[in-house]
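Numbering (full-length UniProt numbering), first residue to last: 1 to 205.
Each residue gets a CB set at the ideal place from its N, CA and C atoms; glycine is no exception.
Keep in mind the model is a prediction, meaning the values are calculated, not measured.
Taking it in order: structure first as structure tokens, then the write-up.
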């Protein structure tokens, strides 16, 4: 079985989109063709990058474009790259999935990157809201619950997930409450397994 990719590798897995450069026909005389092709090449060759996988090596080019979803432009994080390789644009798969309201995860056992629509993830939780609240009272030391939400964790919140839960879909009950020591906290309870939970102090500014 292969080694599970680390967080950075998952963030930079790429989704390919055919840009049609190889099929494009450029009309006009030979001189015009050369100018157009030169302009295209210059645009794609502004930055160069090499990616090595074991003994294989690919030569790809940075492709500094903007990305919009449903007409709304979304800024890529600084550590995300858009690449051009043989006429295909490669976008970070997590960036694309999350902006399409989907979830992406790596299945280490099958060695497959899996993408799920959010309606399929959230549709059938194994833990219900009452069970999640009970975790708060009995296991997390809450004496009062102020609010309960049910949602996909943000990328920063996923870093706090219990190690044994990181292979599960990160859909959690998010419970704001007060502990026996009068500390305001947010409790996160997995919708897959109620024994997987963690708390974060609420910082009051």
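Check: Inspect the beta-carbon positions of residue 67 and residue 57 and report whether they are closer than 9 Å.; Outcome: no
Check: State the beta-bridge partners of residue 63 as determined by DSSP.; Outcome: Looking at the DSSP assignment, residue 63 forms no beta bridge with any residue, so it has no partner.
Check: Along the chain, where does the alpha helix (DSSP H) that runs through residue 137 open and close?; Outcome: 129–138
Check: Could you tell me the alpha carbon to alpha carbon distance between residue 183 and residue 87, rounded to whole angstroms?; Outcome: 55 Å
Check: By the three-class DSSP mapping on this structure, what secondary structure does residue 84 have?; Outcome: strand
Check: Taking only three categories from DSSP, how would you classify residue 193?; Outcome: coil
Check: Given a cut-off of 9 Å, decide if residue 91 and residue 82 are closer than it, judged by their beta-carbon atoms.; Outcome: yes
Check: Take residue 50 and list the residues in its own chain whose beta-carbon comes closer than 8 Å to its own, dropping the five residues that flank it on each side.; Outcome: Residue placement at residue 50 is flagged as unreliable, the pLDDT there being 49, under the threshold of 50; a coordinate-derived value is accordingly withheld.
Check: Could you tell me the distance, in whole angstroms, from the CA atom of residue 189 to the CA atom of residue 126?; Outcome: 11 Å
Check: Check whether the region 91–101 touches the region 135–146, counting contact only when three or more Cβ pairs, one atom from each stretch, lie closer than 8 Å.; Outcome: no
Check: Using DSSP with H/G/I as helix, E/B as strand and the rest coil, what is residue 157?; Outcome: helix
Check: If you follow the alpha helix (DSSP H) that residue 98 is part of, which residue opens it and which one closes it?; Outcome: 93–99
Check: Indicate whether residue 185 and residue 151 have their beta-carbon atoms separated by less than 9 Å.; Outcome: no
Check: Near residue 135, what residues of its chain come up, given a Cβ to Cβ distance below 6 Å and the 5 sequence neighbours on each side ignored?; Outcome: 189, 194, 197
Check: For residue 107, which option in 168, 178, 180 has the closest C-alpha, if you only look at C-alpha atoms?; Outcome: 168
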